[in-house]
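Report on one structure; see the data block that follows.
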């Protein structure tokens, strides 16, 4: 698909490790003329995974009371490495290794091992910031989990992806955008955590409120 072709090409350009068979699999002529590509309209393809109206954990987070003054964890990044996907694994390892450098400076929850669901959600709600790396299709559930848990979400660029609702558009101001290789992570963490009480706590409250507005009525009217 055009979507996967873009995903593999951009990440392979950065990491230079894509297996030849994967590049060849997606790097094919779509047969669609360039002047017709804008006719393709992409929307969220899985409401059960990427909406807060049909997902158990998002529904739970939506109904939770978030204690913004009781967030002892500065930064949360818990993700599987996806060893069978070398480009994605490299991307996530770079982020995790970068975050490891700040354990002495910040209270960090950073690991690739699984947490049980209750512990995962509890720690997420106790976090000021969460880092949501790319997934198999760039988007991951943590993008929205984090916002609903009252976190400031840091996410690599998503301006090439169209979804509905498009929480990644800059005009919506829902996430903080970082480099694909996390090279600017330190400056973003310093800014957000340094101004958390004076600015970003209120930003987190507003973003959560905004995401919760995408309710059943919104989706019924859209689709």
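Residue numbers (this note's numbering): 1371 to 1593.
All residues carry an ideal CB built from backbone N, CA and C; glycine is no exception.
CB of residue i within 9 Å of CB of residue j, strictly
i            : j            : result
residue 1520 : residue 1590 : no
residue 1511 : residue 1586 : no
residue 1594 : residue 1544 : Because the chain in this structure spans residues 1371 to 1593, residue 1594 falls outside the shown range and cannot be described.
residue 1422 : residue 1531 : no
residue 1436 : residue 1465 : no
residue 1448 : residue 1492 : no
residue 1490 : residue 1445 : no
residue 1577 : residue 1522 : yes
residue 1498 : residue 1563 : yes
residue 1542 : residue 1580 : yes
DSSP state of residue i mapped onto helix, strand, coil
i            : result
residue 1444 : strand
residue 1497 : strand
residue 1474 : coil
residue 1386 : coil
residue 1556 : helix
residue 1482 : coil
residue 1507 : strand
Cβ of residue i within 9 Å of any chain B Cβ
i            : result
residue 1434 : In summary, chain B is missing from the structure at hand, where a single protein chain is found.
Endpoints, the beta strand (DSSP E) within which residue i is located
i            : result
residue 1523 : 1522-1525
Same chain, Cβ closer than 7 Å to residue i, neighbours up to 5 away in sequence not counted
i            : result
residue 1527 : 1547 and 1550
Own chain partners of residue i with C-beta closer than 8 Å, once the 5 adjacent residues on each side are dropped
i            : result
residue 1443 : 1477, 1478, 1479, 1493, 1496, 1497 and 1498
Is the number of C-beta pairs between the region 1449-1468 and the region 1545-1558 that are closer than 8 Å three or more? By the C-beta criterion, the region 1449-1468 is judged to be in contact with the region 1545-1558, since at least 3 inter-stretch pairs fall below 8 Å.
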